[in-house]
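J.: Shown below is the structure under consideration.
Number of protein chains: 2
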Amino acid sequence: MKQYCFGIDVGGTTVKCGFLNTEGELLDKWEIPTRTEDNGSKILPDIAQTIKAKIEERGLTKDEIEGIGIDIPGPVNEKGEVNLAVNLHWGYVDIVGEMEKMTGIRTKAVNDANAAALGECWKGGGAGHKNLIMVTLGTGVGGGVVVEGKVIAGAHGAGGEIGHVHVTEELTEPCNCGNVGCLEQVTSATGVVRLAKMHLEQTPDMPSVLRGRNFSCKDVWNAVKDGDALADEVAEKFGFYLGRALAAFACVTDPEICVIGGGVSKAGPIILDYVQKYYRQYAFSACKDATFALATLGNDAGIYGAAKLVL
Amino acid sequence: MKQYCFGIDVGGTTVKCGFLNTEGELLDKWEIPTRTEDNGSKILPDIAQTIKAKIEERGLTKDEIEGIGIDIPGPVNEKGEVNLAVNLHWGYVDIVGEMEKMTGIRTKAVNDANAAALGECWKGGGAGHKNLIMVTLGTGVGGGVVVEGKVIAGAHGAGGEIGHVHVTEELTEPCNCGNVGCLEQVTSATGVVRLAKMHLEQTPDMPSVLRGRNFSCKDVWNAVKDGDALADEVAEKFGFYLGRALAAFACVTDPEICVIGGGVSKAGPIILDYVQKYYRQYAFSACKDATFALATLGNDAGIYGAAKLVL
């Protein structure tokens, strides 16, 4: 009976490592640097090395390890192969093949946003559910869609790339992805600031604590909480774009719950109210009662989700 | 070694029955009436009866049957239960439980649009692919989404209800679902006619063969093929709504192929051109190369898809 597993969350600067039992208790957590030099060729050997060291430190053998789950910032196909991961300086990398060769332990790999969705579905804001849409509102907007307990990877590893759904004709500047009018452009941290700036311009006579100064996404939500009428209208727009997009995705997967995480979600439950209002307006009748929750695992979501892959 | 299976496609007036081998060859096909009297309580016994008769007719025993797949017009949850199927006069029905009890043969059940998607993915326009979005443009707009060879049923059996994604603020009359501005309202057969009528009103000085007479969806596409400039603009709008919606869904499931079926698709490959143009414009970069195809199984798609459920 194998009792342990590893969840490894690879970021552009650090690798977050988790040692868990197969019930999903995080027994140990540590970080190693992500060495991106030499086309990132040291990243996987470093991970194999730290896993082997942890197994030895714990007085275990590899036969007691159920598997290694790894998530990385970039698309991963269902075989665990990467064709390009800019932040890791990777071209083609066969994560599963290389890790299994180096460790002798069964390995699976997934995109980081998809791992976070799986983690929140297993142990976080979506715990107890099998069908979930997770959206991570940070510098960008990532996502992951879980159906029957499995995350949708997609034909090109682009499953759950919900930040790049087209939501508006109001913008002219392109998104990082090359398209114009993506969800990311209006609901990421910079997106919320963009919405607020646009609204300030469009309503020159409306007073607001945001007017005439530099402000952050956090400032916008604080203004909403303080009852600033203009900020409230910005929050409505934010809710409209995200709620309507989630309603569209619900036509595909009919989720039990939508979980919202990332830096923007630190504004708290108030954001759920704005999003759920528009979700309910636009969702297909059978899907309107999906619940909404904030993510709870923070930076550990990837570790949990990666580990879940091998269980 | 079990060599045979049944695919049963239950409609509001007839039940289409298929007897297949496990490789997916349709060996026999017949119909029985759908008896909706007495709250549809005779429908499943009639199906059990015709299946038992076919087994006897073929000189087989139930041990040679891999299973029975059934699709019905209405939401079916993952356990094979129905809570409401208006066209069959059903309230709660446990399809799997009742059929297994009556036949002694393993049974699975699914929504009809999802069965059609699975059928087209297995033996039709999407054959050879595992990730597909199918849209059926008929009186209504149905859909089914296949991921890794499995169709997404969803928490309430509403997975793949893509006809009810919100796509436009231009309409005021409600959709059958109660919302306003659904994809179904602009891309179903009546939806295409609606789009054409709206465009005729909006461009009173533009000549068109469609002006000043009653016309059908087929007439609109014939006008497109004959080079009618106004009809071409209608086709562009149709392509915009459907292509952009499919691009949104692609952010969730990242399909290899989109398959279009139903009465509207009888206009032929020309509709794919209009849809794919807008799909490519709005899809996330990694998903832009998804291919487009017409459905090929026609009324047999449900039989194939239902059968595939048990294989």
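Line by line, the protein sequences are chains A and B.
Sequential numbering of the first sequence, starting at 1, is according to the working numbering.
Sequential numbering of the second sequence, starting at 312, is according to the working numbering.
Note that beta-carbon positions come from the ideal geometry of N, C-alpha and C, so glycine has one too.
Bear in mind that the values here come from a model prediction, so they are computed numbers and not experimental data.
Give me the chain B residues within the contact set of residue 154 of chain A, using Cβ-Cβ distance strictly less than 7 Å, ordered along the chain.
T.: Within the first sequence, the letter at position 154 stands for residue 154 of chain A. Under the 7 Å cutoff, chain B gives 442, 564 and 565.
J.: Closer than 9 Å, Cβ to any Cβ of chain A: which residues of the region 586-612 of chain B, in chain order?
T.: Going along the region 586-612 of chain B in chain order, one finds 592, 593, 594, 595, 596, 597, 598, 600 and 601 with a Cβ nearer than 9 Å to chain A.
J.: Based on DSSP bridge pairs, tell me the residues matched to residue 166 of chain A.
T.: As a first step, residue 166 of chain A must be located in the first sequence, where it is residue number 166. Note: residue 166 of chain A sits in a beta bridge opposite A/182.
J.: With respect to the alpha helix (DSSP H) encompassing residue 344 of chain B, which residues constitute its N-terminal and C-terminal limits?
T.: The residue given as residue 344 of chain B occupies position 33 in the second sequence. Taken as a continuous stretch (DSSP letters only), residue 344 of chain B belongs to no alpha helix (DSSP H), being part of the beta strand (DSSP E) at 337-344.
J.: Note down, in chain order, every chain A residue with its Cβ under 7 Å from the Cβ of residue 524 of chain B.
T.: Stepping through the second sequence from its first residue, residue 524 of chain B is reached at position 213. Here the premise fails: no neighbours, minimum Cβ distance about 34 Å.
J.: Can you pull the chain B residues whose beta carbon is under 7 Å from the beta carbon of residue 249 of chain A, in chain order?
T.: For the purposes of this step, residue 249 of chain A is taken as the residue at position 249 of the first sequence. 563, listed in chain order.
J.: Please state whether the Cβ-Cβ distance between residue 596 of chain B and residue 182 of chain A is less than 7 Å.
T.: Translated into the one-based positions of the second sequence, residue 596 of chain B becomes position 285. Translated into the one-based positions of the first sequence, residue 182 of chain A becomes position 182. Against a cut-off of 7 Å, the Cβ pair of residue 182 of chain A and residue 596 of chain B comes out as no contact.
J.: Would you call residue 16 of chain A buried or exposed, if buried means 16 or more other Cβ atoms sit within 10 Å of its Cβ?
T.: As a first step, residue 16 of chain A must be located in the first sequence, where it is residue number 16. Under this definition residue 16 of chain A is a buried residue.
J.: Does DSSP put residue 112 of chain A in a helix, a strand or coil?
T.: Counting from one through the first sequence, the residue named residue 112 of chain A turns up at place 112. Three-state result, residue 112 of chain A: helix.
J.: Hey, residue 69 of chain A and residue 259 of chain A: beta-carbon distance below 7 Å or not?
T.: For this step, residue 69 of chain A is matched to residue 69 along the first sequence. For this step, residue 259 of chain A is matched to residue 259 along the first sequence. Not a contact, by the Cβ cut-off of 7 Å.
J.: Below 8 Å on the Cβ atoms is my guess for residue 446 of chain B versus residue 382 of chain B; work out the distance and round it to an integer in Å.
T.: For the purposes of this step, residue 446 of chain B is taken as residue 135 along the second sequence, with counting starting at 1. For the purposes of this step, residue 382 of chain B is taken as residue 71 along the second sequence, with counting starting at 1. About 17 Å; that fails the 8 Å criterion.
J.: Just confirm the distance between the C-beta atoms of residue 210 of chain A and residue 237 of chain A, as a whole number of angstroms; I'd bet it's less than 8 Å.
T.: Taking the first residue of the first sequence as 1, we reach residue 210 of chain A at position 210. Taking the first residue of the first sequence as 1, we reach residue 237 of chain A at position 237. The pair is not a contact, with the Cβ atoms about 14 Å apart (cut-off 8 Å).
J.: Is any beta-carbon of chain A found at less than 7 Å from that of residue 375 of chain B?
T.: The residue given as residue 375 of chain B occupies position 64 in the second sequence. Output row for residue 375 of chain B: interface = no.
J.: Measuring CB to CB, does residue 452 of chain B end up less than 7 Å from residue 498 of chain B?
T.: Locating residue 452 of chain B in the second sequence gives position 141, where the first residue counts as 1. Locating residue 498 of chain B in the second sequence gives position 187, where the first residue counts as 1. Yes, these two residues count as a Cβ contact at 7 Å.
J.: Cβ of residue 446 of chain B less than 7 Å from any chain A Cβ?
T.: Taking the second sequence and counting its residues from 1, the one referred to as residue 446 of chain B is at position 135. It does not: the Cβ of residue 446 of chain B has no partner Cβ on chain A nearer than 7 Å.
J.: How about residue 473 of chain B: is its C-beta nearer than 7 Å to some C-beta of chain A?
T.: Residue 473 of chain B sits at position 162 when you count from the first residue of the second sequence. True, the Cβ-Cβ gap to chain A drops below 7 Å.
J.: Have a look at residue 335 of chain B and residue 438 of chain B and give me their C-alpha separation to the nearest angstrom.
T.: If you number the second sequence from 1, residue 335 of chain B lands on position 24. If you number the second sequence from 1, residue 438 of chain B lands on position 127. Computed Cα separation, rounded: 12 Å.
J.: Please state whether the Cβ-Cβ distance between residue 18 of chain A and residue 2 of chain A is less than 7 Å.
T.: As a working mapping, residue 18 of chain A is identified with position 18 in the first sequence. As a working mapping, residue 2 of chain A is identified with position 2 in the first sequence. No.
J.: Can you find a C-beta in chain B that's less than 7 Å from the C-beta of residue 177 of chain A?
T.: On the first sequence, residue 177 of chain A is found 177 positions in, with the first residue counted as 1. So, interface residue.
J.: Taking 7 Å as the threshold (C-beta atoms), are residue 137 of chain A and residue 121 of chain A in contact?
T.: By 1-based counting over the first sequence, the position of residue 121 of chain A is 121. By 1-based counting over the first sequence, the position of residue 137 of chain A is 137. Result no, Cβ atoms of residue 121 of chain A and residue 137 of chain A do not sit closer than 7 Å.
J.: Could you check whether the Cβ of residue 147 of chain A sits closer than 7 Å to any Cβ belonging to chain B?
T.: The residue given as residue 147 of chain A occupies position 147 in the first sequence. For residue 147 of chain A, the answer is yes, since a Cβ of chain B falls inside 7 Å of its Cβ.
J.: Could you tell me whether the Cβ of residue 621 of chain B comes closer than 7 Å to any Cβ of chain A?
T.: Numbered from its first residue, the second sequence carries residue 621 of chain B at position 310. It does not; no Cβ of chain A falls within 7 Å.
J.: Run the CB neighbour count on residue 410 of chain B, radius 10 Å, all protein chains shown included, and call it buried at 16 or more, exposed below.
T.: By one-based count along the second sequence, residue 410 of chain B stands at place 99. Label assigned to residue 410 of chain B: buried.
J.: Do residue 477 of chain B and residue 278 of chain A have their C-beta atoms closer together than 7 Å?
T.: As a working note, residue 477 of chain B is residue 166 in the second sequence. As a working note, residue 278 of chain A is residue 278 in the first sequence. Not a contact, by the Cβ cut-off of 7 Å.
J.: Relative to the C-alpha of residue 212 of chain A, which residue among A/267, A/197 and A/222 is closest?
T.: Position 212 of the first sequence, counted from the start, is the residue given in the question as residue 212 of chain A. The shortest Cα separation from residue 212 of chain A among A/267, A/197 and A/222 belongs to A/197.
J.: Are the region 340-356 of chain B and the region 287-307 of chain A in contact at 8 Å, needing three or more beta carbon pairs?
T.: Verdict: no, contact absent.
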